[in-house]
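Data block below; observations after.
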Amino acid sequence: MNRTALGEVRAWCLARGFHPNKTLGQNFLVDRNILDAIVAETGVGAGGRVLEVGPGLGVLTEALLRRGARVTAIEKDPALAAWLRESLCAAFPETLTLIEGDALKADWPALLAGGFDAFASNLPYSVGTRILMDLLAEPAAPPRLTLLLQREVADRLAAPPGSPGRGTASVWTQMGHDVRVARPVGPGCFWPPPEVTSAIVTLTRHGRCGLPPVGQAALRALAKYLFTQRRKQLGTVLRRAPAPFAGIDPARAGIDPTRRAETLTLPEWEALAAQALAQEATP
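The opening residue of the sequence shown carries number 1437 in this note's numbering; numbering runs sequentially from there.
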């Protein structure tokens, strides 16, 4: 089956009595140009190791395999997993590893232990952000991630300090990765077409965060807390903060206490998280 041919994808679904599940985000990519753009963004060549979540019919999986990559793919839907075993696992037995299961329940440390060069996925819109945040929290996360996401989510990941879209996902992502929205993708590039515009997004590890893993965890927790009260000034929120954030003083980090969370740069987030760490270490 030509996985980018709309007629063939529809015929496959009809023949198997398969109905794409909106809840699972089953909008299948049927545009060859967009597929080629995603594969190019991964930067993966022959022998590269790629982790994929939600391969669906296997359009991206097949393209990566034909490029010579070694792919580990996680698919939740039993019918699609069966199709992938029947088609791609049979055609690429040495280079495709299929895991049938839910990525939301993945044992990420065990899965990532072997090391991956890249992550590539058309993430389900309903749970895509949660899967991505879980993955990025792992020290062994791949250094490069190429994603097909809802455009609104992509813009939030890339939102710079001071922009309206800046939030927890922005800070968590940019703590370890540079974010680039490569190109928009219209609904007509999928079947069935989603109700929103999508975008190809590339995350590239930058290594600029100076905090150890425990400090990065503190930064993530602090950002989550502060953005629950994003309209309030930092000084006001932190004066009422519970442990381990009680006692953090923006002024000690050279930050005006009247500022709000969305204005903070990565070094400023690090300085606040370092205060939380120092307080925990104080007997």
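The beta-carbon is built from N, C-alpha and C at its ideal position, and this holds for glycine as well.
- Secondary structure remark: continuous beta strand (DSSP E) runs of at least 3 residues inside the stretch 1499–1546, in chain order: 1506–1511 and 1532–1536.
- If you draw a straight line from the Cα of leucine 1524 to the Cα of threonine 1664, it is about 44 angstroms long.
- Following the DSSP letters along the chain, one finds proline 1620 inside the beta strand (DSSP E) bounded by residues 1613–1621.
- C-alpha of valine 1637 to C-alpha of glutamate 1588: approximately 11 angstroms in a straight line.
- A Cβ-Cβ separation of about 5 angstroms places glycine 1484 in contact with alanine 1505 under the 8 angstroms criterion.
- A contact is defined here as three or more CB-CB pairs under 8 angstroms, and the stretch 1561–1575 meets this definition with respect to the stretch 1606–1625.
- Per DSSP, threonine 1633 is not a residue of any beta strand (DSSP E), being assigned neither H nor E.
- Within the same chain, Cβ atoms closer than 6 angstroms to the Cβ of leucine 1487 are found at Thr1508, Phe1552 and Phe1555, the five residues on either side in sequence being excluded.
- In the structure shown, the three-state DSSP call for glutamine 1711 is helix.
- Under the DSSP definition of a beta bridge, tryptophan 1627 partners with Phe1464.
- Valine 1495 sits away from arginine 1580, with the two beta carbons spaced by 7 angstroms or more.
- Exclusion of the five residues before and after valine 1475 leaves Ala1499 as the residues of its chain whose Cβ lies within less than 6 angstroms of its Cβ.
- Inclusion of isoleucine 1470 and valine 1621 in the CB contact set at 7 angstroms is warranted, their separation being smaller than that value.
- In this chain, the beta strand (DSSP E) harbouring glutamine 1586 covers 1580–1586.
- Classified as exposed, threonine 1694 has fewer than 16 neighbouring CB atoms from the shown chains inside 10 Å of its CB.
- Between aspartate 1591 and glycine 1601, the C-beta spacing is below 7 angstroms.
- Taking C-beta atoms under 8 angstroms as the contact rule, valine 1617 and alanine 1635 qualify, at a distance of about 5 angstroms.
- Close CB contacts of threonine 1565 within its chain, under the 7 angstroms cut and outside five residues either way in sequence, are with Val1589 and Ala1605 (chain order).
- Annotated as distal: alanine 1709 and leucine 1662, with beta-carbon spacing of 7 angstroms or more.
- Listed as beta-bridge partners of valine 1480 by DSSP are no residues whatsoever.
- Secondary structure of serine 1606 (DSSP, three-state): helix.
- DSSP, read as helix, strand or coil, puts threonine 1638 in strand.
- Lysine 1458 has its alpha-carbon roughly 27 angstroms from the corresponding atom of glutamate 1477.
- Around arginine 1468, the same chain offers Thr1440 as residues with beta carbons nearer than 8 angstroms, after the five sequence neighbours per side are excluded.
- Between leucine 1702 and proline 1686, the C-beta gap is not smaller than 7 angstroms, which leaves the two residues out of contact.
- DSSP, reduced to helix, strand and coil, places phenylalanine 1454 outside both helices and strands of the structure shown, so it counts as coil.
- Here the alpha carbons of histidine 1455 and leucine 1442 stand approximately 15 angstroms from one another.
- If only complete runs of 3 or more residues are kept, the stretch 1630–1697 shows the beta strand (DSSP E) at 1634–1641, in order along the chain.
- In its chain, beyond the 5 residues on either side, Ala1605, Ser1606, Thr1609, Val1615 and Val1637 have a beta carbon closer than 7 angstroms to the beta carbon of leucine 1593.
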